[in-house]
Amino acid sequence: MAIRALTARKLPRLTALAARVLGDAAEAEDVAQESLIRAWRQAPVWRFGEARFDTWLHRVAINLCRDRLRRRRPGDAADLDALVDPGPAPDRGLEARDIGDRVAVAMAALPPRQREAVVLCHYQDLGNIEAARVLGVSVEALESLLSRGRRALRAALSDLVP
Numbered sequence: 804m805a806i807r808a809l810t811a812r813k814l815p816r817l818t819a820l821a822a823r824v825l826g827d828a829a830e831a832e833d834v835a836q837e838s839l840i841r842a843w844r845q846a847p848v849w850r851f852g853e854a855r856f857d858t859w860l861h862r863v864a865i866n867l868c869r870d871r872l873r874r875r876r877p878g879d880a881a882d883l884d885a886l887v888d889p890g891p892a893p894d895r896g897l898e899a900r901d902i903g904d905r906v907a908v909a910m911a912a913l914p915p916r917q918r919e920a921v922v923l924c925h926y927q928d929l930g931n932i933e934a935a936r937v938l939g940v941s942v943e944a945l946e947s948l949l950s951r952g953r954r955a956l957r958a959a960l961s962d963l964v965p
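Be aware that the sequence shown starts at 804, since it is given in our numbering, and climbs by one per residue.
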């Protein structure tokens with residue numbers, strides 16, 4: 804019962820985190836599931852009070868994403884142009900989807916550490932202190948990563964802002 808409750812609460816957020824970092828839904832599901840498996844295996848030795856469980860779980864997921872990104876060969880990485888259909892939208896109602904696709908491409912173009920910082924703070928709603936712990940950096944370093952990531956996103960998406 805406990806594993807079902809844990810999985811129901813944590814799997815969607817872990818999957819979303821991994822999808823944004825990796826840009827691949829199937830890989831994201833694998834990472835999220837592996838993160839929960841590792842949590843279950845480590846449960847007997849977990850030392851309550853040393854770190855928040857969510858912080859630790861996010862760190863496991865980020866590390867698994869990094870491992871997968873390192874294993875990718877240049878030809879294996881998803882072509883950024885393939886993420887967005889270059890043809891005209893068949894319906895104006897799809898504008899939000901088009902914008903979402905543009906944001907996904909801009910996120911994928913960020914350096915990995917900047918992308919991780921933006922995903923943790925803006926998509927996973929972690930505070931700076933907790934996100935810094937997940938990434939294993941100081942709060943100042945996290946804020947620098949966020950600043951550079953936001954600046955790059957702003958430049959890449961500048962035509963979307965009136």
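Where is the CB? At the ideal position from N, CA and C, for every residue including glycine.
Within 10 angstroms of its Cβ, does residue i collect 16 or more other Cβ (buried), or is it exposed?
| i | result |
| --- | --- |
| Val863 | buried |
| Ala821 | buried |
| Val848 | exposed |
| Asp884 | Bear in mind that the predicted position of Asp884 carries a pLDDT of just 44, short of 50, making it too unreliable to give a figure here. |
| Arg874 | exposed |
| Glu943 | exposed |
| Ile865 | buried |
| Ser950 | exposed |
| Gln845 | exposed |
| Leu948 | buried |
| Ala829 | exposed |
| Ser952 | The residue you asked about is not Ser; residue 952 is Gly in the sequence shown. Gly952 comes out buried. |
| Ser838 | buried |
| Gly903 | exposed |
| Arg936 | buried |
| Asp855 | The question names Asp, but residue 855 in the sequence shown is Arg. Exposed, because fewer than 16 other Cβ atoms sit within 10 Å of the Cβ of Arg855. |
| Arg918 | buried |
| Gly826 | buried |
| Ala811 | exposed |
| Ala831 | buried |
| Ala808 | exposed |
Give every residue of the same chain whose Cβ lies closer than 7 angstroms to the Cβ of residue i, excluding the five residues on either side of it in the sequence, and list them in chain order.
| i | result |
| --- | --- |
| Ala959 | Ala909, Ala912 |
| Ile806 | Trp843 |
| Arg816 | Gln927 |
| Gly930 | none |
Using a Cβ-Cβ cut-off of 8 angstroms (strictly less than) and excluding sequence neighbours within five positions of residue i, which residues of its own chain qualify?
| i | result |
| --- | --- |
| Pro915 | Val824, Arg869, Leu872 |
| Leu963 | Ile902, Arg905 |
| Ala946 | The question names Ala, but residue 946 is Glu in the sequence shown. Excluding residues within five positions, the ones whose Cβ falls inside 8 angstroms are Asn931. |
By the DSSP assignment, the alpha helix (DSSP H) with residue i in it spans what residues?
| i | result |
| --- | --- |
| Pro915 | 915 to 921 |
| Leu960 | Neither: Leu960 is in no alpha helix (DSSP H) and is coded neither H nor E. |
| Asp801 | Since the first residue of the chain shown is 804 and the last is 965, residue 801 is not available in this structure. |
| Leu839 | 828 to 845 |
Using a Cβ-Cβ cut-off of 6 angstroms (strictly less than) and excluding sequence neighbours within five positions of residue i, which residues of its own chain qualify?
| i | result |
| --- | --- |
| His925 | none |
| Lys813 | none |
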